[in-house]
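FYI, the numbering used here numbers position 253 of the sequence shown as 261, with every residue one higher than the one before it.
Glycine is no exception: its CB is placed at the ideal position from the N, C-alpha and C atoms.
Since we're looking at a predicted model, the values are computed, not measured.
Worksheet: one structure, shown below.
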Amino acid sequence: MTSRLHPDIEKAYSVLDTGTPVSLELARALGRIPDSEVLDLVSLANKVKNRYAADNGAVHACSIINAKSGHCSENCSFCAQSNHNSATIDVYGLVDDEKLLQSAREAYSNGVRHFGIVTSGYGYMKTTPEFTRLLGMIDLLHSQLPEMQVCADLGMIGDEQATALAERGIVHYNMNLQVNPERYGELIADTHTVDERIETIKRLRAKGISVCSGGIIGTGESMDDRISLIFKLSELDVDVIPLNVLVPIKGTRLEDNAPVPVPEIAKTFAICRLVNPDRIIKFAAGRETLMKDFQGLLMLAGANGFLTGGYLTTRGRDTESDNVLARQVALFA
Ligand code: SF4
């Protein structure tokens with residue numbers, strides 16, 4: 009009997025049988041399949057996720073606190089917190105312990121067990137008083153909520169600072185590459201280089217910290233660019249891959265970017281799973297605000313986690329609605 013599957017999707021079924029990622033060549037071919045075939049690709053990605061990254065159908069949920077907002081020296085094109093952009097946002101220094109605990113307790117009471125402390129700015133290559141305070145905040149979370157896994161995204165990190173974070177049992181450190189590394193300077197920022205980000209990832213991994221690193225869909229990148237990013241993340245052996253869909257913010261350089269069609273986004277998610285069969289792939293920003301009716305479809309396109317309870321400068325939705333979504337997605341496992 010002849011297969012009714014697109015020949016490139018049929019070839020990609022080898023991932024399901026063997027757990028071996030698709031080749032770069034096949035990933036690029038999958039990136040070119042017609043939109044009418046995308047649901048077959050989604051189906052394969054869901055099967056691969058179920059076989060190699062299922063974790064009993066669990067959806068990995070995490071929440072973050074924007075612990076320090078705005079006044080950032082860097083010129084990231086998408087980001088409302090950059091001094092180079094003119095977006096209107098709340099600007100504040102490092103939050104106090106009470107605010108931190110309140111946010112973490114709220115996430116905990118909603119069943120979330122991974123909580124990330126995120127700060128704006130280039131990062132901490134030296135141990136400043138602010139970095140020391142952050143270490144104290146991590147200790148506080150561990151003492152007050154011992155079951156909560158604490159994560160961080162504090163920008164670039166020096167060697168000594170990475171050691172300090174490892175000693176405090178940081179579970180995942182987020183450092184997104186955002187786009188095809190070769191186009192980082194053009195599409196994202198030129199006040200720092202993607203190599204600085206990659207160095208930070210390597211530094212953290214050398215200290216035994218798991219890395220969470222992904223990207224943004226909708227910056228003006230091509231499908232081939234997305235695939236280059238996915239392969240770079242695989243090469244860096246990152247543990248968690250957050251995929252964001254750009255939510256254009258007024259006052260940022262990307263404010264007028266056109267939305268990427270849903271089939272393109274679904275293909276990207278599915279290809280990410282076929283290249284990273286056993287990793288945690290999280291749907292982050294853009295899930296509720298932009299994808300609305302299609303967020304469930306994207307959660308079935310190979311994702312096995314999401315960020316819940318709001319983002320850095322854009323809103324999310326309540327965690328109970330997300331818990332319902334997670335239970336429904338688990339029915340397809
Ligand atoms: S993404 Fe981070 S480094 Fe870039 S402008 Fe925003 S806060 Fe600064």
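Delimiting residues of the alpha helix (DSSP H) encompassing residue i
| i | result |
| --- | --- |
| His-150 | 137-152 |
| Tyr-192 | 192-195 |
| Ser-22 | 22-26 |
| Ala-37 | 32-38 |
Expected contact under 8 Å - CB spacing of residue i and residue j to nearest Å
| i | j | result |
| --- | --- | --- |
| Gln-169 | Ser-128 | Between Ser-128 and Gln-169 the Cβ distance is about 17 Å, and since that is not below 8 Å, they are no contact. |
| Ser-329 | Val-283 | So it is not a contact: roughly 30 Å between Cβ atoms. |
| Leu-333 | Met-307 | 7 Å |
| Leu-109 | Leu-148 | 7 Å |
| Pro-285 | Ala-61 | 7 Å |
| Ile-288 | Ile-225 | Not confirmed; about 18 Å, so no contact. |
Endpoints, beta strand (DSSP E) assigned at residue i
| i | result |
| --- | --- |
| Leu-212 | Where Leu-212 is concerned, there is no enclosing beta strand (DSSP E), although the alpha helix (DSSP H) it sits in stretches over 202-214. |
| Lys-300 | Element bounds for Lys-300: n/a, residue is neither H nor E. |
| Asn-118 | That residue, Asn-118, is in no beta strand (DSSP E); it is neither H nor E in DSSP. |
| Val-253 | 248-253 |
| Val-332 | First-last for Val-332: 327-338, but that is the alpha helix (DSSP H), not the beta strand (DSSP E). |
| Lys-290 | 288-291 |
| Gln-157 | 157-161 |
| Leu-315 | 313-315 |
Under 9 Å between C-beta atoms of residue i and residue j
| i | j | result |
| --- | --- | --- |
| Pro-29 | Val-23 | yes |
| Cys-220 | Ile-196 | no |
| Asn-252 | Asn-184 | yes |
| Phe-139 | Ile-72 | no |
| Arg-113 | Leu-153 | yes |
| Ala-278 | Val-50 | yes |
| Ile-125 | Cys-80 | no |
| Gly-222 | Asn-54 | no |
| Val-120 | Thr-316 | yes |
| Pro-269 | Glu-263 | no |
| Gly-163 | Gly-131 | yes |
| Arg-234 | Asn-188 | yes |
| Met-145 | Asp-105 | yes |
| Ser-11 | Thr-227 | no |
| Asp-281 | Val-67 | For clarity, residue 281 is Arg in the given sequence; the question names Asp instead. Their beta carbons are not under 9 Å apart, which means Arg-281 does not touch Val-67 by this criterion. |
| Ile-17 | Asp-43 | no |
| Ser-236 | Glu-175 | no |
| Ser-218 | His-180 | yes |
Identified DSSP bridge partners for residue i
| i | result |
| --- | --- |
| Phe-86 | None, per the DSSP bridge assignment. |
| Lys-55 | In DSSP, Lys-55 forms no bridge with anything. |
| Ser-221 | Paired residue(s): none; Ser-221 is not in a bridge. |
| Ser-71 | Phe-123 |
| Ile-165 | Tyr-132 |
| His-180 | Ser-218 |
| Lys-76 | Thr-127 |
task: Go through the region 224-286 residue by residue and report every complete run of the beta strand (DSSP E) that reaches 3 residues or more, in order.
output: 248-253
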